[in-house]
Amino acid sequence: MDAATTERVPPAPTAPGRVAGLDGLRAIAVVAVVLFHVTGGLLPGGFIGVDVFFVISGFLITTLLLRERAANGRISFRRFWARRARRLLPALAIVLLVCTAAGALVGGDVLVGIGWQLVGGATFSFNWLAIAAQADYLGATSPELFRNLWSLAIEEQFYLAWPLLLVLLLRAFAPVVRLWAVGYAAALSSVAMVVVAADDPTAAYYGTGTHAFGLLIGAILALHLGRRPEAGGRPPASRPATRGVAAALLLGVIVGLVLVLDPAAGLAYNGGMLAASLATAGLIRVVVAEPAVGRVLDAGPMRWIGVRSYGLYLWHWPVLVLVTAVLGSGTVAAPGPLAASVAVLLTVVAATASFRWVETPVRRLGFRGAAGAVAAAVRRGAPVRTASAMVATAAAAALMATAVVGVAAAPERSSAAAAIERGAAAVGADATGGPAPAAEAPAPVDAEPAGGPEPEPAASPEPEPAPEPEPAPEPEPAPAPEPEPEPIAAAAIPAGDRISAIGDSVMLAAAPELQRRFPGIAIDASVSRQMREGPAVVAALAAAGRLRSYVVVGLGTNGDGPDSVYEQIIDIAGPDRRVVFVDVAGPMSWTATVNDRLARVSGANATATVSGWRAAVAPHPEALASDGTHPLAPGGALYADALAAAFGRLP
Numbered sequence: 291m292d293a294a295t296t297e298r299v300p301p302a303p304t305a306p307g308r309v310a311g312l313d314g315l316r317a318i319a320v321v322a323v324v325l326f327h328v329t330g331g332l333l334p335g336g337f338i339g340v341d342v343f344f345v346i347s348g349f350l351i352t353t354l355l356l357r358e359r360a361a362n363g364r365i366s367f368r369r370f371w372a373r374r375a376r377r378l379l380p381a382l383a384i385v386l387l388v389c390t391a392a393g394a395l396v397g398g399d400v401l402v403g404i405g406w407q408l409v410g411g412a413t414f415s416f417n418w419l420a421i422a423a424q425a426d427y428l429g430a431t432s433p434e435l436f437r438n439l440w441s442l443a444i445e446e447q448f449y450l451a452w453p454l455l456l457v458l459l460l461r462a463f464a465p466v467v468r469l470w471a472v473g474y475a476a477a478l479s480s481v482a483m484v485v486v487a488a489d490d491p492t493a494a495y496y497g498t499g500t501h502a503f504g505l506l507i508g509a510i511l512a513l514h515l516g517r518r519p520e521a522g523g524r525p526p527a528s529r530p531a532t533r534g535v536a537a538a539l540l541l542g543v544i545v546g547l548v549l550v551l552d553p554a555a556g557l558a559y560n561g562g563m564l565a566a567s568l569a570t571a572g573l574i575r576v577v578v579a580e581p582a583v584g585r586v587l588d589a590g591p592m593r594w595i596g597v598r599s600y601g602l603y604l605w606h607w608p609v610l611v612l613v614t615a616v617l618g619s620g621t622v623a624a625p626g627p628l629a630a631s632v633a634v635l636l637t638v639v640a641a642t643a644s645f646r647w648v649e650t651p652v653r654r655l656g657f658r659g660a661a662g663a664v665a666a667a668v669r670r671g672a673p674v675r676t677a678s679a680m681v682a683t684a685a686a687a688a689l690m691a692t693a694v695v696g697v698a699a700a701p702e703r704s705s706a707a708a709a710i711e712r713g714a715a716a717v718g719a720d721a722t723g724g725p726a727p728a729a730e731a732p733a734p735v736d737a738e739p740a741g742g743p744e745p746e747p748a749a750s751p752e753p754e755p756a757p758e759p760e761p762a763p764e765p766e767p768a769p770a771p772e773p774e775p776e777p778i779a780a781a782a783i784p785a786g787d788r789i790s791a792i793g794d795s796v797m798l799a800a801a802p803e804l805q806r807r808f809p810g811i812a813i814d815a816s817v818s819r820q821m822r823e824g825p826a827v828v829a830a831l832a833a834a835g836r837l838r839s840y841v842v843v844g845l846g847t848n849g850d851g852p853d854s855v856y857e858q859i860i861d862i863a864g865p866d867r868r869v870v871f872v873d874v875a876g877p878m879s880w881t882a883t884v885n886d887r888l889a890r891v892s893g894a895n896a897t898a899t900v901s902g903w904r905a906a907v908a909p910h911p912e913a914l915a916s917d918g919t920h921p922l923a924p925g926g927a928l929y930a931d932a933l934a935a936a937f938g939r940l941p
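Note that the sequence shown covers residues 291 to 941 in my numbering.
Structure representation (structure tokens):
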């Protein structure tokens, strides 16, 4: 054996590969992720549970590889990958099969993109295929049925590459150099996340290179403990209390991030996820040095949840997507209490059954051994067991057939995407051939309030007898109040050729109805546009002489901005123009914040108001796409009605 082979590693706990406290950490991680999804943003930072998982995985895998090399003088890649396959593949296969078949029965948006999702899930390339498909972890326009598999893909890619790299590091470099090399790689990964997130947060979140720092930090910890044999030893009597305090503080950091870290804010990418990873590594370091702390973390139901955390993570997201689609209780981004409760219950049942009857037998006996055990039990068992095996085989075949039908019948795009495409086509048509419809449309629209009186005097003598009541002073006051409100109401709603509308995908989806209600309206809307882009767009239109008298700003669906952004829009529009902000309707965590800001800023400016779109559509959830955000055609009409009412409130 060479020097690297004889290096000491942390002493093995009571069970090979088990460290007290890691199951408790897994429980915290999976509960955070599940609650992040089912509570509609009440735990905004719950997504960092994935980063906790990454650190645990990096630490455990590296520790096991180091122990194997120390015990056997070598690392068997074949045995390592076989163990990983036995641990991960059975549960994954069941989830893919069952949920795809269930999705086929539900139909609609839950099957959008199911083909590439299955390929990504089966080949552990989901994260890269999601980036190629321009999927969004936080997006709800097309809630991919297996969106949560992006993290499993990153872990599996790490499992494939890391053993090879570790052997190279062990053979070619001294212990200190290894730590520096892996530390440099982790730092580079975290910096890459910051850089890439500035332009494409989704690519930064899903990318293996940009999100590998948690796995590498866990590996660094294992390498560090491996070169210090005393690291896992029993600490002095005076240390347990100190380590307990340290564990409490580190756990407090993780819980604090779960409670406050906003996934849509830059802080999440600029150090938030890195902080969660470092805190997790510190907590693992404490429980390795002080097992008593680990036993506290594993107490009660925490270990039970932690042991089943893999299945809980796999099942919870597709079950949530399916349940919300079936019950119609809220949306995936903001499920109602009923959908959330049912999804959690079904997740626990499915994960428990999978762990008991699928994962555990395969992990202990291997694929062939588990299949052989089942066959032997059937051969020597009672007719009931044989019948059960036949029923299970028939059920598996039925699931497979249903899943195939679902994949074949999957729609190309979601209802929200279809609504956005419909609006984009309308805006494009208006841009190229708009003058013709704009000239024709005002005639029928204006004929009712304003155009009617003009043709009547020209074609009919009825206006001539009207002067007879004029000499009488008494009849005139009575009709006078009636005509006055009508001209005022008509004047309050400007013609479309006086309106500039700037918005995001929600406005784009409502574009056909806006054009119908306000012929000649100029719509500048694009998908994923942020509120912070508003001032630049308004300024560009003003500089080009294309900013009209009424400015409609429909931004905020994709995130908030400071008061100054909203005030800049009003200032650029100037005192001679009127500004209508369209409030946000949707399950996003920032909806209330944006709407409160809009009300505050517009209330302080006499030339601005808020449309009231959210209040208008709230009683009509059927007017929105399945994401609960983008309007279908009836929703577009409500959007236009709310805008017309807002014009009436302007001075």
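Where is the CB? At the ideal position from N, CA and C, for every residue including glycine.
Below 9 Å between beta carbons: does that hold for A566 and D341?
yes
Let me know if G264 comes out buried or exposed under the rule of 16 or more other beta-carbons within 10 Å of its beta-carbon.
This structure cannot speak to residue 264, because the chain is shown only from 291 to 941.
Give the straight-line distance between the Cα atoms of P825 and V843, rounded to the nearest whole angstrom.
10 Å
Residue(s) in a DSSP beta bridge with A898:
V869
Quick one, are the C-beta atoms of V400 and A688 less than 9 Å apart?
no
Leaving out five residues on either side along the sequence, give the residues of the same chain with a beta carbon under 7 Å from the beta carbon of T500.
S479, A482, M483, V486, A494
For V323, which residues from the same chain have a beta carbon less than 7 Å from its beta carbon, with the 5 sequence-adjacent residues on both sides left out?
G336, F337, G339, V340, Y603
Would the region 587 to 606 and the region 892 to 902 be scored as touching if the rule is three or more Cβ pairs under 8 Å?
no
Give every residue of the same chain whose Cβ lies closer than 7 Å to the Cβ of L405, excluding the five residues on either side of it in the sequence, and list them in chain order.
It should be pointed out that residue 405 corresponds to Gly in this sequence rather than to Leu. Sequence-distant Cβ neighbours of G405 in its own chain, meaning closer than 7 Å and more than five residues away, are V697, A700.
Compute the distance between the beta-carbons of E803 and A691, then report whether it is under 9 Å.
Contact: no.
Under DSSP, the beta strand (DSSP E) around Y449 begins and ends at which residues?
Counting along the chain, Y449 falls outside any beta strand (DSSP E), though it belongs to the alpha helix (DSSP H) covering 439 to 462.
Is the Cβ-Cβ distance between I318 and L541 less than 9 Å?
yes
So is P909 buried or exposed if we call it buried at 16+ other beta carbons inside 10 Å?
exposed
With a cut-off of 8 Å, do at least 3 Cβ pairs link the region 357 to 365 to the region 651 to 667?
Per the Cβ contact rule, the region 357 to 365 is not in contact with the region 651 to 667 (fewer than 3 Cβ pairs under 8 Å).
Length of the line joining the Cα atoms of A829 and I862
6 Å
I'd like to confirm the pairing. Which residues does DSSP put opposite G793 in its beta bridges?
A815, G844
What does DSSP give as the partner residues of L914 in its beta bridges?
P921
Counting pairs of Cβ atoms below 8 Å between the region 433 to 444 and the region 386 to 403, do you hit three or more?
yes
Do the region 370 to 378 and the region 445 to 465 touch if we need at least three Cβ pairs shorter than 8 Å?
The answer is yes - the region 445 to 465 touches the region 370 to 378, with three or more Cβ pairs under 8 Å.
Spatially closest choice to G718 from S704, I811, R653, L628, by CA coordinates
Nearest C-alpha to G718: I811.
Relative to the C-alpha of A716, which candidate in P453, T650, A801 has its C-alpha closest?
A801
What number of angstroms, rounded off, separates the C-alpha of A623 from the C-alpha of A875?
13 Å
So the alpha helix (DSSP H) G718 belongs to, where does it begin and stop?
705 to 723
I need the DSSP call for T532, collapsed to helix, strand or coil.
helix
Leaving aside the five residues before and after T353 along the sequence, list all residues of the same chain whose C-beta is less than 6 Å from its C-beta, in chain order.
A512
Take A394 and list the residues in its own chain whose beta-carbon comes closer than 8 Å to its own, dropping the five residues that flank it on each side.
If the five residues before and after A394 are omitted, its C-beta is found closer than 8 Å to the C-beta atoms of L401, T692, A693, V695, G696, V697, A699, all from its own chain and listed in chain order.
So does the region 374 to 389 actually touch the region 416 to 426, counting three or more Cβ pairs closer than 8 Å?
no
Helix, strand or coil for R939? Go by DSSP, reduced to three states.
helix
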